[in-house]
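Chains as they are written, first to last, in the numbering used here: chain V, 1 to 465; chain U, 466 to 683. Each residue gets a CB set at the ideal place from its N, CA and C atoms; glycine is no exception. Structure, as structure tokens:
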Amino acid sequence: MKKTLFEKLWSAHVVDSVNDTTDIVYIDRHFIHEVTSPVAFSGVEDRGLKVFRPNQTVATPDHNVPTIDQHLPIQEELSRNQVDALTRNCQNHNVNLYGLGHPFHGVVHIIGPELGLTQPGMTIVCGDSHTSTHGAFGSIAFGIGTSQVESVFSTQCLLLAKPKTMKIEINGTLDKGVEAKDIILYIISKISSSGGTGYFVEYCGSAIESLSMEERMTICNMSIEMGARGGMIAPDQTTYDYIQGKEYSPKGEDWDNALAYWKTLKSDEGAEFDAVLEFDAADIAPMITYGTNPGMGIKVNTTIPSLEDIDADTRPTFQKSLDYMGFEAGQELLGKQVNWVFLGSCTNGRIEDLRTFSEFVKGKKKADNINALIVPGSKKVEQQAIAEGIDKILEEAGFVMREPGCSSCLAMNEDKIPPGEYSVSTSNRNFEGRQGPGARTLLASPLTAAAVAVSGKIVDVRELL
Amino acid sequence: MRGFTSPPQNIKMDKFTTLVSRAVPLPIEDVDTDQIIPARFLKATKREGFGDNLFRDWRYNADGSLKEDFPLNNAKYSGSILIGGKNFGSGSSREHAGWSIYDYGFRVVVSSFFADIFKGNCLNLGILPVQVSEEFLQKIFAEIENNNEAEFKVDLENQTFTIVSSNDVSEFDINPYKKTCLLNGYDDIDYILSIKDKIEAYETTSKVQSYLEKPVVE
Ligand code: SF4
């Protein structure tokens, strides 16, 4: 029978079946961070157990950490406690921890790929919904709750209902100024923030194949924002080249074995998906969101939908969202003043994102009204940026590069956007209060964020290229 | 349902069979987990007291006073059933969302559509997610609107949700294994631990495991 890549990998990881729809699935790699792990560690200890496979588990503190002065003790007590608890738990259970200041430290979904821990054919989980990022390598990667973190700690397995499969095919070439972030914001705007619920998505087509690994990660990262369990892209030469030579990639004979296996990882010609969607890359433009979920996005040069365009049932929720954002139905966003820009997160905190941003702002100046948070996703990204002189280019343009962490993506640390302020953000969620109580988030690509940062208002970056 | 006591720390799961209760309506679509429990309240290292911050920014003004018009603050609504709008629980995987709903005193959440991770987390916590049609959901909202003391019956064994006054019944789906777990208070981990020999056998045959670099603690 013809099988999809997802089905192949799922069945390769089934340890046992519970019923027709539910399996015990083996987990190859488990990433953990400080926020969703402490209760799971306590649970394991209450059972009188130890972490079952500690060397398949990798920890890093990212959600809570400050992004300045990381060499100093964390000021905020609760954050410090949580980071300390992670350190203690990792010591007690022999789990590898890349703590603050470690050369491998960073946002969990940034460090996995850049260390070669993320590979094709794996099952990868983390107590964090953006674990879908790792699917860019052709793995089954998805976010889990704390009870499930405890399950993986205790057994290296999860009891899971098998999701349905969806294929999203994008062919054609992208217009100048259109980035991977725009592709995914465009798809979500078409199918809504719940359009993928119940599915595991495979992205394919010529527009996807032409993307770099970092761009593919941006796409898979936001699969969860359409409600999908995860997203994946079949591995190809781009994937192998990215992994080869990384710290934890297979070496020598192991590499040859791994590569031979990875080359078999694709959906069979004619394999059936439960749902299939197709999009034309030429139709995609720089995107921006105007509302309080990632499905509320428009092409930056168009207008917010009018009330008549919205289902009667949904109008109250739509209106509530616009009220929060301080926008009106039918309004144009171009020219709207914005005082904050955030470059970073597991969606757009990789080196290519910093390059894109810095290339655009090079020789220009930050607009006076703009406060910018420029946050590399990891220590490695930070070091690479310094090696390439990106920090200097940013400085000359009036920006400061901070230290790695989740930062203003969820504002658990001090990097909060003030109430009522607009923030053009390269992160993944524009929920109410996501970037701080009362903050108003507009999601966009790093290139659009750069254009906003030098203009002080919403612009169509294509007109500045 | 204010004043419901927090579950003890090590509670694995309550048994769930049937429940008859009033319900609290929250007719808002796309309620995401950042609204259920904002990120700044995720800093605890123990599962305690999350109910106080359930829907924090919708429930309280910036000065800490209650927003009187928010349903959870409205004395006319009570009960251990929460009725939410379409696409409930989207966003983050934070189980804290379920913990806060549970800790506040809800045992059942009803919606016409649930986000996946949230639904799975609920089942692992002993909260029953009941998915009904959009039409039935609107009936429930209308029933509460008419009579805020209206009662609802949830019967897990028979997988039915009933509007008591009109005897209007909606059946709901649940994974048969998770149903057994809820009825008996079992959790997944005990079950998986019981097949540890199969897990170890699997590891010896896994392709990925054959070449996996495993970082060891330095
Ligand atoms: S950067 Fe944002 S989305 Fe990514 S892991 Fe951190 S908080 Fe979650």
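* Check: V/Asp128 C-beta below 6 Å from any heavy atom of the ligand SF4 -> The count along the first sequence starts at 1 and reaches residue 128 of chain V at position 128. The answer is yes for V/Asp128.
* Asked: Nearest-angstrom Cα distance between U/Met466 and V/Leu265?
  -> For the purposes of this step, residue 466 of chain U is taken as residue 1 along the second sequence, with counting starting at 1. For the purposes of this step, residue 265 of chain V is taken as residue 265 along the first sequence, with counting starting at 1. In this predicted model, U/Met466 has a pLDDT of only 28, less than 50, meaning its place in the structure is not dependable enough to derive any value.
* Asked: Closer than 7 Å, Cβ to any Cβ of chain C: which residues of the stretch 363-387 of chain V, in chain order?
  -> No chain C appears in the structure shown, which is made up of the protein chains V and U.
* Asked: What is the DSSP secondary structure of V/Val381, counted as helix, strand or coil?
  -> Translated into positions along the first sequence, residue 381 of chain V becomes position 381. DSSP places V/Val381 in helix when its eight states are reduced to three.
* To do: Going by CA-CA distance only, name the one from V/Ile144, V/Tyr242 and V/Ile390 that's closest to V/Gly138.
  => The residue given as residue 138 of chain V occupies position 138 in the first sequence. Of the candidates V/Ile144, V/Tyr242 and V/Ile390, the one whose C-alpha sits nearest the C-alpha of V/Gly138 is V/Tyr242.
* **Minimum Cβ-Cβ distance from V/Ser147 to chain U less than 7 Å** => Locating residue 147 of chain V in the first sequence gives position 147, counting from the first residue. Chain U has a Cβ within less than 7 Å of the Cβ of V/Ser147.
* Using a Cβ-Cβ cut-off of less than 9 Å, list which residues of the stretch 222-240 of chain V approach chain U; keep chain order. => Answer set for the stretch 222-240 of chain V: Ile224, Glu225, Gly227, Ala228 and Arg229.
* Measure the beta-carbon distance from V/Phe431 to U/Gln500 and round it to whole angstroms, keeping in mind my assumption that it falls under 8 Å. => Here residue 431 of chain V corresponds to residue number 431 of the first sequence, with the count starting at 1. Here residue 500 of chain U corresponds to residue number 35 of the second sequence, with the count starting at 1. Right, their Cβ atoms sit about 7 Å apart.
* Asked: Going along the stretch 488-501 of chain U in order, which residues come within less than 7 Å of chain V, judged by CB to CB distance?
  -> So the close ones are Ile493, Glu494, Asp495, Asp497, Asp499 and Gln500.
* Limits of the unbroken beta strand (DSSP E) element including V/Lys167 -> As a working mapping, residue 167 of chain V is identified with position 167 in the first sequence. If you look at V/Lys167, you'll find it in the beta strand (DSSP E) that goes Lys164 to Asn171.
* Asked: Any heavy atom of the ligand SF4 closer than 6 Å to the CB of V/Ser193?
  -> In the first sequence, the residue the question calls residue 193 of chain V occupies position 193. It does not: the Cβ of V/Ser193 is nowhere closer than 6 Å to a heavy atom of the ligand SF4.
* **U/Ala615 at chain V interface by Cβ criterion, 7 Å** => By one-based count along the second sequence, residue 615 of chain U stands at place 150. No, U/Ala615 lies away from the interface with chain V (no Cβ there is under 7 Å from its Cβ).
* **DSSP-derived helix/strand/coil call for V/Phe6** => In the first sequence, the residue the question calls residue 6 of chain V occupies position 6. Three-state result, V/Phe6: helix.
* **the ligand SF4 heavy atom lying under 6 Å from the CB of V/Cys490** => Absent from the structure is residue 490 of chain V, since the part of chain V shown begins at 1 and ends at 465.
* The beta strand (DSSP E) enclosing V/Glu278, as first and last residue numbers -> On the first sequence, position 278 is the one that residue 278 of chain V refers to. Residues Ala275 to Asp280.
* State buried or exposed for U/Asn589, treating a residue as buried only when at least 16 other CB atoms are found within 10 Å of its CB. => Counted from its first residue, the second sequence places residue 589 of chain U at position 124. Under a 10 Å Cβ-count criterion, U/Asn589 is classified as buried, with 16 or more other Cβ atoms of the shown protein chains found around its own Cβ.
* **Alpha-carbon to alpha-carbon, U/Asn586 and U/Tyr642** => Translated into the one-based positions of the second sequence, residue 642 of chain U becomes position 177. Translated into the one-based positions of the second sequence, residue 586 of chain U becomes position 121. So the two alpha carbons sit approximately 15 Å from each other.
* Asked: Can you tell me whether V/Arg229 is buried or exposed, with buried defined as 16 or more other CB within 10 angstroms of its CB?
  -> In the first sequence, counting from the first residue as 1, residue 229 of chain V sits at position 229. V/Arg229 comes out buried.
* Give the residues from the stretch 649-664 of chain U that approach chain V closer than 8 Å (Cβ to any Cβ), ordered along the chain. => Here the close residues are Asp652, Asp653, Ile654, Tyr656, Ile657, Leu658, Ile660, Lys661, Lys663 and Ile664.
* Beta-carbon gap between U/Pro503 and U/Asp522 smaller than 7 Å -> As a first step, residue 503 of chain U is located in the second sequence; it is residue number 38 there, counting from the start. As a first step, residue 522 of chain U is located in the second sequence; it is residue number 57 there, counting from the start. U/Pro503 is a Cβ neighbour of U/Asp522, given a cutoff of 7 Å.
* To do: Can you give me the start and stop residues for the beta strand (DSSP E) that V/Arg80 sits inside?
  => Looking up residue 80 of chain V in the first sequence gives position 80. Taken as a continuous stretch (DSSP letters only), V/Arg80 belongs to no beta strand (DSSP E), being part of the alpha helix (DSSP H) at Glu77 to His93.
* Where does V/Ala282 land, buried or exposed, given buried means 16+ other C-beta within 10 angstroms? -> Looking up residue 282 of chain V in the first sequence gives position 282. Answer is exposed; the Cβ neighbour count stays below 16.
* Applying a beta-carbon distance threshold of less than 8 Å, which residues of chain U neighbour V/Asn466? -> Shown here, chain V extends from 1 to 465; a query on residue 466 of chain V therefore has no answer.
* Which residue comes first and which comes last in the alpha helix (DSSP H) that contains V/Pro316? -> Reading the first sequence from its first residue, position 316 is the one you call residue 316 of chain V. Residues Arg315 to Met325.
* **CB of V/Pro250 within 7 Å of CB of V/Ala260, strictly** => On the first sequence, residue 250 of chain V is found 250 positions in, with the first residue counted as 1. On the first sequence, residue 260 of chain V is found 260 positions in, with the first residue counted as 1. The answer is no: Cβ separation not under 7 Å.
* To do: If I'm right that V/Ala411 touches V/Gly389 with Cβ under 8 Å, what's the distance once you round it to whole angstroms?
  => What you label residue 411 of chain V is simply residue 411 of the first sequence in a count that begins at 1. What you label residue 389 of chain V is simply residue 389 of the first sequence in a count that begins at 1. The Cβ separation is near 30 Å, so there is no contact.
* To do: For the beta strand (DSSP E) containing U/Pro490, list its first residue and its last residue.
  => As a first step, residue 490 of chain U is located in the second sequence; it is residue number 25 there, counting from the start. Residue range Ala488 to Leu491 is occupied by the beta strand (DSSP E) that includes U/Pro490.
* Closest by C-alpha distance to U/Ser635, when choosing among U/Leu648, U/Ser577 and U/Pro680 -> Taking the first residue of the second sequence as 1, we reach residue 635 of chain U at position 170. Checking every option, the nearest Cα to that of U/Ser635 belongs to U/Ser577.
* To do: May I ask you to report which of helix, strand or coil DSSP gives V/Lys392?
  => For this step, residue 392 of chain V is matched to residue 392 along the first sequence. DSSP, read as helix, strand or coil, puts V/Lys392 in helix.
* Of all the options V/Leu373, V/Lys392, V/Ile24 and V/Asn369, which has the alpha carbon lying nearest to the alpha carbon of U/Asp435? -> In the structure as shown, chain U starts at 466 and stops at 683, and residue 435 of chain U therefore has no counterpart that could be examined.
* Straight-line gap, V/His134 to V/Ile284 (C-alpha atoms, nearest Å) -> Sequence index remark: in the first sequence, residue 134 of chain V carries index 134 (1-based). Sequence index remark: in the first sequence, residue 284 of chain V carries index 284 (1-based). Rounded to whole angstroms, V/His134 to V/Ile284 spans 24 Å at the Cα level.
* To do: Could you say if the stretch 206-214 of chain V and the stretch 307-323 of chain V meet the contact criterion of at least three C-beta pairs nearer than 8 Å?
  => Cβ pair count under 8 Å is below three, so no.
* **Under the three-state DSSP convention, the category V/Ala59 falls into** => Residue 59 of chain V sits at position 59 when you count from the first residue of the first sequence. When secondary structure is reduced to three states using DSSP, V/Ala59 falls in the strand class.
* Asked: Which whole-angstrom value is the C-beta distance of V/Ala136 and V/Met226, which I expect to be below 8 Å?
  -> For the purposes of this step, residue 136 of chain V is identified with residue 136 of the first sequence, where counting begins at 1. For the purposes of this step, residue 226 of chain V is identified with residue 226 of the first sequence, where counting begins at 1. Not a contact, Cβ separation roughly 16 Å.
* To do: Answer yes or no: the CB of U/Ser555 versus the heavy atoms of the ligand SF4, is any distance below 6 Å?
  => Taking the first residue of the second sequence as 1, we reach residue 555 of chain U at position 90. At a cut-off of 6 Å, the beta-carbon of U/Ser555 does not count as near the ligand SF4: no heavy atom of the ligand is closer than that.
* Closer than 7 Å by beta-carbon distance: list the chain V residues that pair up with U/Leu677, in chain order. => By 1-based counting over the second sequence, the position of residue 677 of chain U is 212. Within chain V, the residues whose beta carbon sits less than 7 Å from that of U/Leu677 are Asp28, listed in sequence order.
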